[in-house]
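Peer 1: Numbering (this note's numbering), first residue to last: 354 to 509.
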Amino acid sequence: MKQSAVSSFLNYVGPVFKRPEFLQAAALCTRDGAKGPEVLMITSLTTKRWIVPKGWPMEGRSLAEAAQQEAWEEAGVEGHIDDEPLGSYTYRKTVRGGIPVTCRCYVYRLRVDALTKTFPEKGRRERIWMSPAAAASAVDEPELKALLRGLGKNDG
Numbered sequence: 354m355k356q357s358a359v360s361s362f363l364n365y366v367g368p369v370f371k372r373p374e375f376l377q378a379a380a381l382c383t384r385d386g387a388k389g390p391e392v393l394m395i396t397s398l399t400t401k402r403w404i405v406p407k408g409w410p411m412e413g414r415s416l417a418e419a420a421q422q423e424a425w426e427e428a429g430v431e432g433h434i435d436d437e438p439l440g441s442y443t444y445r446k447t448v449r450g451g452i453p454v455t456c457r458c459y460v461y462r463l464r465v466d467a468l469t470k471t472f473p474e475k476g477r478r479e480r481i482w483m484s485p486a487a488a489a490s491a492v493d494e495p496e497l498k499a500l501l502r503g504l505g506k507n508d509g
């Protein structure tokens with residue numbers, strides 16, 4: 354009986370102590386490759402893990418437009434972005450002051466027309482084309498893995 358009272362109390366007050374999720378936008382940059390669809394992956398700035406271009410919302414832009422801007426800044430991508438997200442994923446990020454926060458990242462498909470030779474973060478990141486299955490294996494976030502696997506099954 355005591356355990357259920359404690360559990361009820363924690364369920365009631367627990368949300369007060371949780372930080373809200375932060376919102377981000379990501380671009381899933383794709384092209385038709387010789388062996389099927391390919392996804393452009395880039396390295397993160399600090400850990401050098403493979404990720405998709407992503408960033409914070411931008412004033413005066415939709416989340417899709419923010420994702421497209423991030424794809425250009427981080428990877429030199431030019432192309433056409435979908436207005437509706439494919440899905441979303443969460444991940445933990447450390448922000449200024451060393452505070453860990455949870456980010457909910459909405460993922461928008463961007464069909465790549467070209468990669469520019471120069472872009473703002475050139476030299477700070479690597480970029481590589483991968484199959485959706487390889488990209489899914491390269492990322493850590495389970496929900497992003499699922500989105501990438503779905504891309505490989507559905508279309509290019």
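C-beta: ideal position from N, C-alpha, C; glycine also.
This one's a predicted model, so the numbers in the text were calculated from it and none came from an experiment.
For Glu426, report the span of its alpha helix (DSSP H) as first-last.
Peer 2: Taking the first residue of the sequence shown as position 1, residue 426 is located at position 73. 416-428 is the span of the alpha helix (DSSP H), which, as asked, contains Glu426.
Peer 1: If you check the beta carbons only, do Met391 and Ser484 fall under 8 Å apart?
Peer 2: The residue labelled residue 391 in the question sits at position 38 within the sequence shown. The residue labelled residue 484 in the question sits at position 131 within the sequence shown. The sequence shown places Glu at residue 391, not Met. The answer is yes: Cβ separation under 8 Å.
Peer 1: Taking the alpha helix (DSSP H) that Ala380 belongs to, which residues open and close that run?
Peer 2: The count along the sequence shown starts at 1 and reaches residue 380 at position 27. No alpha helix (DSSP H) contains Ala380, which is instead part of the beta strand (DSSP E) from 375-386.
Peer 1: Pop quiz: Ala420 and Ala378 are said to be a contact at Cβ under 8 Å. What is the actual Cβ separation, rounded to whole angstroms?
Peer 2: Along the sequence shown, one-based indexing puts residue 420 at 67. Along the sequence shown, one-based indexing puts residue 378 at 25. Yes, Ala420 and Ala378 are in contact; Cβ-Cβ is about 4 Å, under 8 Å.
Peer 1: If you draw a straight line from the alpha carbon of Val448 to that of Thr455, how long is it in whole angstroms?
Peer 2: Working through the sequence shown from its first residue, we reach residue 448 at position 95. Working through the sequence shown from its first residue, we reach residue 455 at position 102. C-alpha separation (whole angstroms): 10 Å.
Peer 1: Taking Cβ positions, are Leu416 and Tyr459 nearer each other than 8 Å?
Peer 2: On the sequence shown, position 63 is the one that residue 416 refers to. On the sequence shown, position 106 is the one that residue 459 refers to. Taking 8 Å as the Cβ cut-off, Leu416 and Tyr459 qualify as a contacting pair.
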